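Heads up, the sequence shown is in the numbering used here, so the first residue is 7 and it goes up one at a time. From the three backbone atoms N, C-alpha and C, an ideal C-beta is built for every residue, glycine too. All of these numbers come straight from a predicted model, not from anything done at the bench.
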Amino acid sequence: MRYTITSRFGDKESFRDQTQGHTGIDFSMPEGTPLKSVSDGVVKSVIDYENQNVGKGVLIETEDGRTLIYGHLSEFNVVEGQHVSAGDLIGLSGNTGFSTGAHLHFGVKEGNRFIDPAPFIDKIQHMNESISPIPKTNIMEYLQQHINVLTESMKETVVNLIMLTDYSPVIKLFENLFKLIFFNF
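Here it is, written out as structure tokens:
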């Protein structure tokens, strides 16, 4: 699903602080849309500014030291200090805080300054596609589950082959060999 971008980084709309401009990118989306992490990291903060700023939000510190900001959420699915992998559900979109409608405010901070989150647009646009990535945290468990499914499927195929095979010609052959060997002496 593609989400409409309603405001870009640095935009100066009439309702924003005109000195700074917009500190992120806004994606219009229905309330309750699953929001997934676009990077591995640790949940730095789970915040609720009520009807101010981003309202309910999640801040994720990435391995490279950046902070990803998800704002205007309706629900959280993570807790402070939790490790998340790219693709993990972090919450649901909403209309909390200073908001003009249901959307996701996505921002990126490097140190104490906001930077343009445009490099993450594609990841946000595709965060809810049905292809599930291999979980990095438990790859052996993931592989074992898939090996077990494959093994069960192979067992079932072998049993079906055995059950469907007509062994009467082979049995007849052994019967004739047995007679030939033991009764012709």
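Measure the alpha-carbon distance for residue i versus residue j and round it to whole angstroms.
| i | j | result |
| --- | --- | --- |
| leucine 156 | leucine 167 | 17 Å |
| aspartate 70 | lysine 161 | 46 Å |
| asparagine 57 | tyrosine 76 | 16 Å |
| lysine 62 | glycine 103 | 7 Å |
| methionine 133 | alanine 92 | 9 Å |
| glycine 27 | asparagine 144 | 41 Å |
| arginine 72 | valine 114 | 7 Å |
Looking at residue j and residue i, is the spacing between their C-beta atoms short of 8 Å?
| i | j | result |
| --- | --- | --- |
| glutamate 116 | glycine 97 | no |
| tyrosine 9 | serine 34 | yes |
| histidine 111 | valine 64 | no |
| serine 105 | histidine 78 | yes |
Taking only three categories from DSSP, how would you classify residue i?
| i | result |
| --- | --- |
| valine 49 | strand |
| histidine 132 | coil |
| glutamate 86 | coil |
| proline 125 | helix |
In terms of residue numbering, what span does the beta strand (DSSP E) encompassing residue i cover?
| i | result |
| --- | --- |
| aspartate 32 | 30-34 |
| glutamate 67 | 62-68 |
Where do the N-terminal and C-terminal ends of the alpha helix (DSSP H) with residue i fall, by residue?
| i | result |
| --- | --- |
| histidine 111 | Histidine 111 -> not in any alpha helix (DSSP H); beta strand (DSSP E) instead, spanning 109-116. |
| phenylalanine 188 | 174-189 |
Pop quiz: residue i and residue j are said to be a contact at Cβ under 8 Å. What is the actual Cβ separation, rounded to whole angstroms?
| i | j | result |
| --- | --- | --- |
| leucine 74 | proline 40 | Actually they are not in contact, since the Cβ atoms of leucine 74 and proline 40 sit about 16 Å apart, beyond 8 Å. |
| glutamate 67 | glycine 47 | 5 Å |
Less than 7 Å separating the Cβ of residue i from some heavy atom of the ligand ATP?
| i | result |
| --- | --- |
| lysine 161 | You won't find the ligand ATP in this model; it holds no ligand whatsoever. |
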